[in-house]
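Start counting the sequence shown at 394; every next residue gets the next number (this note's numbering). C-beta atoms are modelled at their ideal positions from N, C-alpha and C, and glycine is treated no differently. Here is the structure we will look at.
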Amino acid sequence: MTESIRIVGGNPLQGVIQIRGAKNAALPLMTAALLTDETLTLTNVPHLTDIQTMAELLEQHGVHINHTAGSYAYELKAQTIINTTASYDLVCKMRASILVLGPLVARCGQARVSLPGGCAIGTRPVDIHLSGLKQLGAQIELSEGYINASAPKGLTGAKITMPLVSVTATENLMMAGTLAKGETHLINAAREPEVVDLANCLIAMGAKITGAGTDTIIIEGVSRLHKATYAVLPDRIETGTYAMAAVITGGDLELTHTSLALIPSIASTLQQAGIIIQETPNGMRVKSSGSSILGVDVMTEPYPGFATDLQAQIMAVMTICRGASMITETIFENRFMHVQELCRMGANITVHHSSALVRGVPYLSGAQVMATDLRASVCLVLAGLAAKGETTISRIYHLDRGYENLEEKFRNCGANIERIAA
Ligand code: UD1
């Protein structure tokens with residue numbers, strides 16, 4: 394059944410929101426279970442459709458998953474890998490499926506993974522993953538839409554300089570390196586907290602890794618990994634999204650089970666916009682200063698820069714700023730699809746190549762809009778929460794990929810929001 398979200402905007406949000414574990418940390422952590430025949434227990438795994446998709450994919454490879462409905466814990470045991478193919482029907486649902494490639498080749502000496510193909514926010518190739526695996530000694534062939542990787546004698550450590558900072562390529566190659574012979578150096582590695590989380594979990598499983606969180610990660614291969622229990626770090630994108638919900642509605646929200654340290658650029662951008670952000674023992678409090686939001690320029694960058702996954706949300710906030718804001722997207726080439734929808738709600742935005750000039754308007758007006766991807770969907774929810782009148786957002790299935798109980802969390806803080814059959 395297709396569903397829509399209906400919002401009557403204008404209520405300042407007030408209350409407490411608990412932040413869950415990070416989707417983009419949980420997904421690679423789940424694939425790390427492929428590296429050992431012992432049980433990997435993960436806690437703080439969020440309830441999201443992307444997590445279900447990953448569980449389904451891992452089960453196809455033979456991973457036994459123990460998870461009680463409603464629980465945030467997953468026990469994953471890959472005693473025997475029964476199938477090294479990741480088929481198109483699951484990979485096309487979620488690009489992060491490519492994260493099984495490194496672990497499967499490392500553990501089994503072979504993998505056949507569907508090419509993820511294009512996606513709404515850009516072409517997103519996987520050349521860095523493939524070239525890195527080749528440098529570790531794998532043979533890679535592309536045929537009939539699949540990546541065929543093989544390394545019958547195992548992988549061998551290498552010095553890999555990645556041409557671009559890629560989060561999942563760094564994760565794939567780090568996992569592959571854990572079971573390779575000798576030392577692997579990943580140069581120009583991604584520094585995202587999710588990469589550090591994966592490294593810490595792999596270390597708990599017996600891997601030898603140093604430098605995670607810097608641009609050079611060194612992995613000394615070991616012959617096997619073992620069981621571990623690991624808690625997924627808080628979701629910094631969920632944190633930033635709810636912080637912006639407080640800002641755009643002129644509200645006051647406490648975000649718990651998270652940390653300001655995870656969102657350095659986001660926090661400083663919001664502070665420049667005149668927002669009050671206070672650290673609390675278990676998270677942060679974000680509140681409007683009572684005067685209008687100041688226009689601030691934003692450029693997306695790899696961590697610790699401003700996250701591309703929060704670009705759409707900050708744009709929603711800037712539509713009602715005092716002055717103007719230039720928002721430049723440097724990570725993905727086609728990540729402005731929310732612009733047209735925001736303009737349908739009265740925003741004044743002009744796009745020129747990879748920059749959007751957002752001229753603040755006094756208010757947004759409710760409208761019927763359509764979601765195009767995960768973060769664009771939530772940007773329209775934020776706009777709807779602030780807009781005068783009623784907003785209906787269709788194609789909201791994207792939201793369930795990355796936000797757990799979104800409407801309920803907003804409703805508990807005073808929003809008038811509901812999910813309806815479209
Ligand atoms: C991850 C996140 C995603 C986030 C993105 C950037 C996960 C599961 N997803 O995606 O939410 O938006 O980081 O922070 O963690 N590139 C290549 N060749 C490659 C790989 C990437 O050219 O082989 C390019 C991409 O097209 C993009 C840039 O590198 O322009 C960064 O992408 P990357 O960091 O790889 O994004 P993902 O890891 O797919």
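Original post:
Is it buried or exposed for L535, if we count other Cβ within 10 angstroms and need 16 for buried?
Top reply: Counting Cβ neighbours within 10 Å, L535 comes out exposed, since fewer than 16 surround it.
**OP:** With DSSP collapsed to three states, give me the class of P755.
**Re:** Residue state for P755 is assigned as coil, using DSSP reduced to three classes.
Subject >> Bridge partner(s) assigned by DSSP for T673 >> reply: In the DSSP assignment, T673 forms a beta bridge with G676.
Original post:
Residue ranges of each beta strand (DSSP E) run of no fewer than 3 residues wholly in the segment 780-813, ordered along the chain?
Top reply: Complete beta strand (DSSP E) runs here, min 3: 783-787.
**OP:** Look up T434 in the DSSP assignment and give the residues it is bridged to.
**Re:** Its beta-bridge partners are E468, T622.
Original post:
In this structure, what does DSSP give as the bridge partners for P627?
Top reply: Partner residues in the beta bridge of P627, as assigned by DSSP, are G414.
**OP:** Please look up how many angstroms separate the CB atoms of L548 and A499, rounded, as I've assumed it's under 8 Å.
**Re:** 6 Å between Cβ atoms; contact.
Original post:
Can you name the start and end residues of the alpha helix (DSSP H) that Y696 belongs to?
Top reply: Careful: Y696 lies outside any alpha helix (DSSP H) and carries neither H nor E.
Original post:
How about A815 and E396: do their beta carbons lie closer than 8 Å?
Top reply: The answer is yes: Cβ separation under 8 Å.
Original post:
Do the segment 775-785 and the segment 636-651 meet, that is, are 3 or more Cβ pairs less than 8 Å apart?
Top reply: In short, these stretches touch, since the Cβ pair count reaches three.
**OP:** Starting from the Cα of M447, find the closest Cα among V484, A471, A415 and give me that residue.
**Re:** Comparing Cα positions, the closest option is V484.
Original post:
Do you know whose CA, among R752, H457, Q704, lies nearest S770's CA?
Top reply: Closest option to S770, Cα to Cα, is Q704.
Original post:
I think A569 touches G495, with their Cβ atoms under 8 Å apart; what is that distance to the nearest whole Å?
Top reply: Indeed, because the Cβ distance is near 4 Å, the residues count as touching under 8 Å.
**OP:** List the endpoints of the continuous alpha helix (DSSP H) containing S524.
**Re:** Counting along the chain, the alpha helix (DSSP H) containing S524 begins and ends at 520-528.
**OP:** Check whether the Cβ of H746 lies closer than 7 Å to any heavy atom of the ligand UD1, and answer yes or no.
**Re:** Not so, every heavy atom of the ligand UD1 lies at least 7 Å from the Cβ.
Original post:
At a cut of 8 Å, does the segment 615-626 reach the segment 430-438 through at least three beta carbon pairs?
Top reply: Look at the beta carbons and you see the segment 615-626 touching the segment 430-438: at least three pairs across the two are nearer than 8 Å.
Original post:
Contact between the segment 721-741 and the segment 687-700: three or more CB pairs below 8 Å?
Top reply: Short answer: they touch.
Original post:
Just the Cα atoms here: how many angstroms apart are G403 and G644?
Top reply: Looking at the backbone, the Cα of G403 and that of G644 are separated by about 10 Å.
**OP:** State yes or no: is the C-beta of D590 nearer than 7 Å to some heavy atom of the ligand UD1?
**Re:** Because no heavy atom of the ligand UD1 lies under 7 Å away, the Cβ of D590 does not count as near it: no.
Subject >> Close-in-space but distant-in-sequence residues of the same chain around H457 (CB under 6 Å, 5 per side omitted) >> reply: Closer than 6 Å at Cβ, skipping near neighbours: K470.
Subject >> Every unbroken beta strand (DSSP E) inside the segment 635-670 [3 residues or more] >> reply: Those beta strand (DSSP E) runs which fall completely within the segment 635-670 and span 3+ residues are 645-649.
Original post:
Three or more beta-carbon pairs under 8 Å between the segment 795-804 and the segment 419-428, yes or no?
Top reply: The segment 795-804 vs the segment 419-428: no contact.
Subject >> At least three beta-carbon pairs within less than 8 Å, the segment 783-802 to the segment 655-662 >> reply: Output reads no: the segment 655-662 does not touch the segment 783-802.
Subject >> Check whether T561 and I580 have beta carbons under 8 Å apart >> reply: T561 is not a Cβ neighbour of I580, given a cutoff of 8 Å.
Original post:
If you drop the 5 nearest sequence neighbours on each side, which residues of the same chain put their C-beta closer than 6 Å to that of E647?
Top reply: If we look at E647 and ignore the five residues flanking it on each side, its Cβ neighbours are V409, R678.
Original post:
Which term fits R715, buried or exposed, when burial requires 16 or more other beta carbons within 10 angstroms of its beta carbon?
Top reply: Its Cβ having fewer than 16 others within 10 Å, R715 is exposed.
Original post:
According to DSSP, what are the bridge partners of G408?
Top reply: Beta bridge pairing from DSSP links G408 with L646.
Subject >> Proximity winner among L557, G455, R413, G463, relative to I474 (alpha-carbon distances) >> reply: That would be G455, whose Cα lies nearest to the Cα of I474.
**OP:** Determine the direct distance from the alpha carbon of A597 to that of T622, and round the result to whole angstroms.
**Re:** Roughly 8 Å between the two C-alpha positions.
Original post:
Are the beta-carbon atoms belonging to F699 and T662 less than 8 Å from one another?
Top reply: Yes, the pair counts as a contact, with Cβ atoms nearer than the cut-off.
Subject >> N417: CB within 7 Å of a non-hydrogen atom of the ligand UD1 >> reply: Inclusion of N417 in the 7 Å shell around the ligand UD1 follows from its C-beta lying nearer than that to a non-hydrogen atom of the ligand.
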